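Trainee:
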Amino acid sequence: MINPIDPAARRPQTTVQPSTPPQAKPKPLAATQVLPAQSVLNLAQSELGTDMQELGSIFPVEESCAETLENMSFALGTQARERMRGLSSSADRARPRSMMQRLAKQVSATAPDHLEELRQRVPGIEAVEEVDDLLNSLRQHQFDAGEMALLLAAMLGKDGLSPTRRRRLEEALDRVMDDEDWALQLFSHLEFGAVGKSGLAELRRLYQRAASRQSGLVYWFGQFRQMDDRQRKLKTLIRALAFELSAQGGATDIRLAAVITDLKRVLQFLGMEDHCDRVAKALAIPELDGNRIIEELLEIIQQSWVYPDWLSSRADALMPEEHSRHGYARRMGELVKLLPDDCFEDIDQRETILAAFLEYQEQLADEE
10 MINPIDPAAR RPQTTVQPST PPQAKPKPLA ATQVLPAQSV LNLAQSELGT DMQELGSIFP
70 VEESCAETLE NMSFALGTQA RERMRGLSSS ADRARPRSMM QRLAKQVSAT APDHLEELRQ
130 RVPGIEAVEE VDDLLNSLRQ HQFDAGEMAL LLAAMLGKDG LSPTRRRRLE EALDRVMDDE
190 DWALQLFSHL EFGAVGKSGL AELRRLYQRA ASRQSGLVYW FGQFRQMDDR QRKLKTLIRA
250 LAFELSAQGG ATDIRLAAVI TDLKRVLQFL GMEDHCDRVA KALAIPELDG NRIIEELLEI
310 IQQSWVYPDW LSSRADALMP EEHSRHGYAR RMGELVKLLP DDCFEDIDQR ETILAAFLEY
370 QEQLADEE
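So for the sequence shown, our numbering puts the first residue at 10; every next one is plus one.
As structure tokens, this is what we get:
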């Protein structure tokens, strides 16, 4: 992305609690969420104040997303300050152009094959002068808006451009960035290349729901869980949404809030996925991976009422008989504690599930 950082310096620190001995009575599970001690989200929150308060309660995220989140916090802070100063629409246009030029420069330095492949697809583009001719030529060579934006930004970064040429390239880039899918197409191209276009429809469906709040968080988690190659696709979605926060300087507060909500949902899922992967590795049960833990967790929290016997039957179906249920019950209870409030109908539902896990652990201890 645009502002590289040291992900390790921003990695949230979590506390690992020691395992409870099998014979010991389990301690009550308090229904409190775990907050990241240090993350780039703190920077975004400090920039926007109350606008970003809700983002403080998401799961810790993997370092692969840290760089994008750093840029998100920078972009959100810049956008907030410029709204306060009342900058003109010309400034709104200049900011995304500048960011695109910086991105193209970084792509040229770190992955020059991306830009070279684009140039080879449209020979003679440097000689095209008029804006309409320039855009038509790119479309005729099957460029999507994201590829067009990247190539035009690279052309803008060349030294020695005449004022007329620069103005025309800026106008062309502005018109390309009016396309609602340009950011998603851009980061899909950077992550997957040309072969990624076939999977773009799935991302677009998620991306275009930013204005809709019809479905709950559990529904979205279920949608994310079913995605193939979801780590890379969700990273693409994060980058596109984060870039939109800076590129759409004139966005309404409603649209801004919607994009932040979508980012929050994706990051919450990635955090939950990370925790479920760790639980699966700790249990070390064949065929019980993080994805299966996610599936089981979502099944549990969608129940209106949960009983210890039901949890026992689920554990028996999930785990071979020779494996202890103590570690499973304790770790699943901890996952329930970590889930965001939006995953539950109300506070009582979380407390009910935690109480059921506690009673299930007590039953296991009594059976020893």
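We treat Cβ as the ideally placed atom computed from N, Cα and C, and that holds for glycine. Keep in mind it's a predicted model, so treat the numbers as computed, not measured.
List the whole-angstrom C-beta distance separating Ala-249 from Ala-326, where the pair is believed to meet the contact cut-off of C-beta under 8 Å.
Mentor: Not really, about 39 Å apart at Cβ, beyond 8 Å.
Trainee: Tell me the rounded alpha-carbon separation between His-335 and Leu-363.
Mentor: 15 Å
Trainee: Quick check: the segment 106–114 against the segment 129–142, are at least 3 beta-carbon pairs closer than 8 Å?
Mentor: With fewer than three CB-CB distances shorter than 8 Å, the segment 129–142 does not count as touching the segment 106–114.
Trainee: For Ala-337, which residues from the same chain have a beta carbon less than 7 Å from its beta carbon, with the 5 sequence-adjacent residues on both sides left out?
Mentor: Per the sequence presented here, residue 337 reads as Tyr, with Ala not at that position. Leu-292, Ala-324 and Met-328, listed in sequence order.
Trainee: Using only CA atoms, which one of Leu-226, Val-288, Met-164 and Thr-119 lies nearest to Val-8?
Mentor: Nothing can be reported for residue 8: it is not among the residues displayed for the chain, which extend from 10 to 377.
Trainee: Quick check: the segment 143–160 against the segment 175–194, are there 3 or more CB pairs under 8 Å?
Mentor: yes
Trainee: Could you work out which residue in Leu-144, Glu-179 and Glu-253 is closest to Glu-189 when comparing CA atoms only?
Mentor: Glu-253
Trainee: Going by Cα to Cα distance, which pick from Leu-209, His-150, Arg-359 and Leu-161 is closest to Glu-135?
Mentor: Leu-161
Trainee: Out of Ala-118, Glu-179 and Ala-120, point me to the one whose CA is closest to Leu-143's CA.
Mentor: Glu-179
Trainee: So, with DSSP's three-state summary, where would you put His-198?
Mentor: helix
Trainee: Return helix, strand or coil for Val-137, following the three-state DSSP convention.
Mentor: coil
Trainee: Can you grab the Cα-Cα spacing for the pair Asp-122 / Val-315, in whole Å?
Mentor: 54 Å
Trainee: What does the alpha-carbon distance come out to for the pair Arg-340 and Arg-359?
Mentor: 15 Å
Trainee: Would you tell me roughly how many angstroms separate the C-alpha atoms of His-332 and Leu-347, rounded to the nearest one?
Mentor: 25 Å
Trainee: Just to confirm my understanding: we take Cys-285, look at its own chain, exclude 5 residues before and 5 after, and list those with CB closer than 6 Å. What are they?
Mentor: Gly-299, Ile-302 and Ile-303
Trainee: First and last residue of the alpha helix (DSSP H) that includes Ala-365?
Mentor: 356–376
Trainee: So the alpha helix (DSSP H) Trp-314 belongs to, where does it begin and stop?
Mentor: Unbroken run through Trp-314: none, as it is neither H nor E.
Trainee: Just the C-alpha distance for Asn-80 and Asp-183, rounded to the nearest angstrom, thanks.
Mentor: Residue confidence is low: Asn-80 scores 47 on pLDDT, short of 50, so the model does not pin down where it sits. Its coordinate-derived value is still stated next. Approximately 21 Å, taken between the alpha carbons.
Trainee: Output the distance between the C-alpha atoms of Ile-247 and Arg-287, rounded to the nearest integer angstrom.
Mentor: 23 Å
Trainee: Return the CA-CA distance between Asp-238 and Phe-230, expressed in angstroms with no decimal places.
Mentor: 15 Å
Trainee: Considering only residues of the segment 271–333, which uninterrupted alpha helix (DSSP H) runs meet the minimum length of 4 residues and lie entirely inside it, listed in chain order?
Mentor: 299–310 and 317–327
Trainee: Of all the options Ala-118, Val-140 and Val-185, which has the alpha carbon lying nearest to the alpha carbon of Arg-175?
Mentor: Nearest Cα to Arg-175 within the set Ala-118, Val-140 and Val-185: Val-140.
Trainee: Given a threshold of 16 other Cβ atoms within 10 Å of its Cβ, counted over all protein chains shown, does Gln-277 qualify as buried or as exposed?
Mentor: Counting other Cβ atoms within 10 Å of its Cβ, Gln-277 reaches 16 or more and is therefore classed as buried.
Trainee: Quick check: the Cα distance between Gln-115 and Glu-296, rounded to an integer number of angstroms?
Mentor: 41 Å
Trainee: Between the beta-carbon of Ala-374 and the beta-carbon of Leu-320, is there less than 7 Å?
Mentor: No, the pair does not count as a contact, with Cβ atoms beyond the cut-off.
Trainee: Assuming Asp-351 and Leu-226 are in contact, meaning their beta carbons sit under 8 Å apart, how far apart are those beta carbons, in whole angstroms?
Mentor: 4 Å
Trainee: Mapping the DSSP letters down to three states, classify Met-236 as helix, strand or coil.
Mentor: coil
Trainee: DSSP on Met-186, reduced to helix/strand/coil?
Mentor: Reduced to three states, the DSSP call for Met-186 is coil.
Trainee: Mark Pro-172 as exposed unless 16 or more other C-beta atoms lie within 10 angstroms of its C-beta, in which case mark it buried.
Mentor: It counts as exposed.
Trainee: From what residue to what residue does the alpha helix (DSSP H) around Lys-346 run?
Mentor: 335–347
Trainee: With a Cβ-Cβ cutoff of 7 Å, do Lys-167 and Leu-212 count as a contact?
Mentor: Contact flag unset, no.
Trainee: From what residue to what residue does the alpha helix (DSSP H) around His-123 run?
Mentor: 121–130
Trainee: By how many angstroms is the C-alpha of Arg-102 removed from the C-alpha of Arg-234?
Mentor: 37 Å
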